[in-house]
Amino acid sequence: ATSTHTDIEILPANVNRTIFQDGSFRRTCRYTGSTAVGELRILHNGDVIDSETEGDSIMLDVGSAQLSNVGPYTCQVVFTDSTSISASMGTLTVVELTLITAPPNQYVVEGEDISLECSFDNTNLVYGTVIITIRRGGQTTSVINSAAVDDEGEYACDISLISHDSSTQVPIILHVFTPININDYPENYQTLYGVQEAMFTVSFTGRESQGLDVSWFKNGVQLSDSDDYSITTAFSEELRRGNTSIHFPQMRRSDGGVYRVLVSTDFGEKVIGQDSRRDDQSFQVDVIVPPPDPAEFKAAVVREHQVEFQWDLPITHPDQDASSFLLQVIFPNGSTAVSASLDGSARSTVVNVFPGVLYNATLIARNGDGLGQSATSFETPPAAPYVSLFEARRLNETHFNISISLLYTGGGDTTTFSVYFREQDSIEWSSDPIMVLILDSLQALEYHGVISGEEKLRGKGPLEFELRVKNGRGFMNRTGSGPEKSDPPGPPSTITVDQISDTSVRLDFKLPEEGTPPFINIILEFSKPQVMERNFSGTYYPGQNVMKEVRDLNPKTAYRLKARAVNYAGNGTSSETIDFETTDDTPSTATPTPDESTMESLMMPIIYGGAAGGGIIILIIPLMVFCCCCHCHLKKRQQKVRKPAKGGQEADPESGDDSEKET
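Residue numbers (our numbering): 1494 to 2156.
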């Protein structure tokens, strides 16, 4: 009863064991305690398979292990008093050699890494007891970095178990695959002209031509040889390069589209993966077939304002036909006189033009792919000049900006411009022109300049102008500009109102920076309590600060005011509305300004103040004299009372001594 399982010794000491089938498994169990032993037993999976009643040891011997021998083994010591102790003799695992397998073929893509492995299907295999060695030509290896073609060949998978002398070998064949790679193909989005030969070539690299397949697609549809194109493919085993081409003897518009080339190989029967076994590239080709240039493009003048055009279109390919024509007739200054769109079947047309002009004409053939163009020129018979624009805009009191545009001059080498003027209330034009200009007819269609009339235009306005145009062939045209044009002044700004008296205020404001100078009038518009205007005529300029006094207002009245500056054309923009209210007395904060209109109000306080000061001075002087005299008189009277009379008697104040009396 004093013995424990530590009194049992198991030899050899390693407990568990994994062996191949038919291998041996031996263990010895010995009791080392002092208690009397009745029986030694060996148990397998809990069942007694052997026993010994004599001695202190018992041996387990599995000579040819089979799957039935798999499991835990236990040594049990039974004492004479029927008690017992136990110890484990280890667990046996048996591996069937016929179940050890390895893949006969393994594949790797060139340039990639691979680890060669053996695999097992046994459910009772303890891998920690297995040693696997990959050998090739006596060299031990299991990992191949950056596989090359030279790494191809047969490898052996050596498999052995710990504490077991036997092993097995499984052959492994390694295959190194060079992937398909398209490395040269046509540029995307090419634009080609039709009616031309074209070829597109795609180059690729690979390992071998066995199982190689090259396919061409257009817009998703696979192509095969036809009369319109041909496909060829070549491959060099030595260079490991191939190329494929599609050839068009003559491109058509319908040959445009998205082309895709697919190169693939089956690489025996093993599928590596789509990325390695195949590669594809696509590119787009646009085929345009523009129409040819129109031929024999001619212009014939039917009359002074009509021209007939004729032409032909030389077509050598059906795709070259024009869908429409664009006819443009151009003035000498580059502006467009006529722009007409015609049907693609047209070969002539008649258009209206202006007389007396040398025109350029352009005919453009159009379809969905491009343009074809031809040009010609012609001249129509002369006529009077035609003025499309004549405008005079005032710059200041004596200068005007003038703009003239002609649709045509009517012919001749030169064109003469004469400008006359008059005031708007006059019916007579000036006897002499204010401007005379002679230009070359090619330059006369557009003119912009300045009229300067220092003496003739000063103080006049608003004005009207008349343009008289004469071409070199004697034709005249007269055009009046109407009232002069000018830029109106903007609204006055920064308006302040200060009350001077109960019926007058002073306005300070700034004239606008914009507007045609000079400004000839400032209008103050009162809309409350009654509508009235105050005008201040003069000569004013943009940005000037102005101060005006408004009199004769009603005391204790709310007013609403707007200010406006006016130029020669009578234009002007009113300011924002200013609200103010007069009081019944003059505010002490009013500060008159030395304006001519307010000088009198400034002088009055000065005059009144001077007069008041002088009056005070005049009153003070007599008052001081009077006080002095009174003081002296009082002093003398006191002295007279206190002075003793002759003979020791006081003088009688009531005596009639006139010599002692004061006057």
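A virtual CB, placed ideally from N, CA and C, is assigned to each residue, including glycine.
Every value quoted in this text rests on a predicted model; they were computed, and no experiment measured them.
Taking residue i as part of the beta strand (DSSP E), name the residues at either end of that continuous run.
i	result
H1810	Note, H1810: premise wrong, no beta strand (DSSP E); not H, not E.
D1549	It is not in any beta strand (DSSP E) - D1549 carries neither H nor E in the DSSP assignment.
V1756	1750-1758
L1585	1577-1588
E1603	Counting along the chain, E1603 falls outside any beta strand (DSSP E), and DSSP gives it neither H nor E.
S1997	1997-2003
T1566	Inspection of the sequence shows that residue 1566 is occupied by Tyr rather than by Thr. Element bounds for Y1566: 1564-1572.
A1793	1788-1796
S1986	1986-1994
E2007	From DSSP, E2007 is part of no beta strand (DSSP E); its letter is neither H nor E.
G1531	1530-1537
I believe residue i touches residue j by the beta-carbon criterion, under 8 Å. Please report the beta-carbon distance rounded to the nearest angstrom.
i	j	result
K2049	T2075	6 Å
A1876	G1903	5 Å
Q1569	L1536	6 Å
L2169	I1551	A query on residue 2169 cannot be resolved here, the shown segment of the chain reaching from 1494 to 2156 and no further.
P1874	G1905	Contact flag wrong, Cβ pair sits at about 12 Å.
K1953	I1927	Between I1927 and K1953 the Cβ distance is about 11 Å, and since that is not below 8 Å, they are no contact.
D1492	F1693	This structure gives no information on residue 1492, because the portion of the chain shown stretches from 1494 to 2156.
L1899	V1943	So it is not a contact: roughly 19 Å between Cβ atoms.
R1745	V1780	7 Å
E2018	R2057	7 Å
G2065	P1955	Actually they are not in contact, since the Cβ atoms of G2065 and P1955 sit about 13 Å apart, beyond 8 Å.
V2241	Q1774	Residue 2241 falls outside the range modelled here, since the chain spans only 1494 to 2156, and no answer is possible.
N1676	F1710	In fact, because the Cβ distance is near 19 Å, the residues do not count as touching under 8 Å.
R1519	D1554	5 Å
So what's residue i in DSSP terms, helix, strand or just coil?
i	result
N1638	coil
P1672	coil
T1460	Examination of residue 1460 is not possible in this model, given that the chain is present from 1494 through 2156 alone.
R2135	With a pLDDT of 41 at R2135, under the threshold of 50, the modelled position of this residue cannot be trusted; read the value that follows with caution. Note: R2135 maps to helix in three-state DSSP.
L1504	strand
M1744	coil
S1557	coil
L1899	strand
Y1620	Model confidence at Y1620 stands at a pLDDT of 44, short of 50, so the residue's coordinates are unreliable; what they give is reported in the following sentence. Helix, per DSSP.
L1667	strand
R1510	strand
M2096	With a pLDDT of only 45 at M2096, under the threshold of 50, the placement of this residue in the model should not be trusted, and no figure is reported.
D1772	strand
D1543	strand
V1782	coil
L2112	helix
D1515	coil
H1892	strand
D1658	Residue confidence for D1658 is low, a pLDDT of 47 falling below 50, so the modelled location carries little weight and cannot support an answer.
Using a Cβ cut-off of 8 Å (strictly closer), state whether residue i contacts chain C.
i	result
E2069	No chain C appears in the structure shown, which is made up of a single protein chain.
Mind the definition here: the segment 1918-1938 touches the segment 2035-2048 only if three or more C-beta pairs lie below 8 Å; say whether that holds. Verdict: no, contact absent.
Just list the beta strand (DSSP E) runs in the segment 2011-2091, keeping only unbroken ones of 3 residues or longer that don't cross its boundaries, in chain order. Correct list: 2012-2021, 2025-2033, 2038-2043, 2051-2060, 2071-2074.
Return the chain-ordered ranges of every beta strand (DSSP E) run that is complete within the segment 1901-1982 and spans a minimum of 3 residues. Counting only runs of 3 or more, we get 1907-1916, 1928-1933, 1939-1945, 1956-1964, 1969-1976.
Could you check whether the segment 1572-1584 touches the segment 1513-1532, counting it as contact only if at least three pairs of C-beta atoms, one from each stretch, sit closer than 8 Å? With the cut-off at 8 Å, the segment 1572-1584 and the segment 1513-1532 touch.
Would you call the segment 1909-1920 and the segment 1852-1862 touching, i.e. three or more CB-CB distances under 8 Å? As far as the Cβ criterion goes, the segment 1909-1920 does not touch the segment 1852-1862, which means the pair count is below three.
Segments assigned beta strand (DSSP E), at least 3 residues, entirely inside the segment 1689-1738: For the segment 1689-1738, whole beta strand (DSSP E) runs of length 3 or above, ordered along the chain, are 1691-1698, 1705-1711, 1723-1729.
If we require 3 or more residues per run, which beta strand (DSSP E) segments fall completely within the segment 1799-1883? Segments of the beta strand (DSSP E) lying fully in the segment 1799-1883: 1799-1805, 1817-1823, 1829-1836, 1841-1845, 1851-1860, 1863-1872.
Would you call the segment 1669-1677 and the segment 1599-1607 in contact, with 3 or more CB pairs under 8 Å? Here the segment 1669-1677 lies against the segment 1599-1607, with 3 or more beta-carbon pairs under 8 Å apart.
For the structure I just gave you, are there three or more beta carbon pairs, one from the segment 1968-1980 and one from the segment 1876-1896, closer than 8 Å? Touching, yes.
Would the segment 1996-2013 and the segment 1977-1987 be scored as touching if the rule is three or more Cβ pairs under 8 Å? When Cβ pairs closer than 8 Å are counted between the two stretches, the segment 1996-2013 is seen to touch the segment 1977-1987, the count reaching three or more.
Can you confirm whether the segment 1886-1899 touches the segment 1842-1857 when touching is taken to mean that 3 or more C-beta pairs between the two stretches lie within less than 8 Å? Contact between the segment 1842-1857 and the segment 1886-1899 is absent, because fewer than three Cβ pairs lie under 8 Å.
Determine contact between the segment 1937-1947 and the segment 1817-1832, defined as no fewer than three beta-carbon pairs at a distance below 8 Å. With a cut-off of 8 Å, the segment 1817-1832 and the segment 1937-1947 count as touching, because enough Cβ pairs lie within range.
Are the segment 1988-1996 and the segment 2020-2037 in contact at 8 Å, needing three or more beta carbon pairs? Counting Cβ pairs under 8 Å, fewer than three are found: no touch.
Is it true that the segment 1776-1790 meets the segment 1804-1811, where meeting means three or more beta-carbon pairs spaced less than 8 Å apart? Note that the segment 1776-1790 touches the segment 1804-1811; at least 3 beta-carbon pairs, one per stretch, sit closer than 8 Å.
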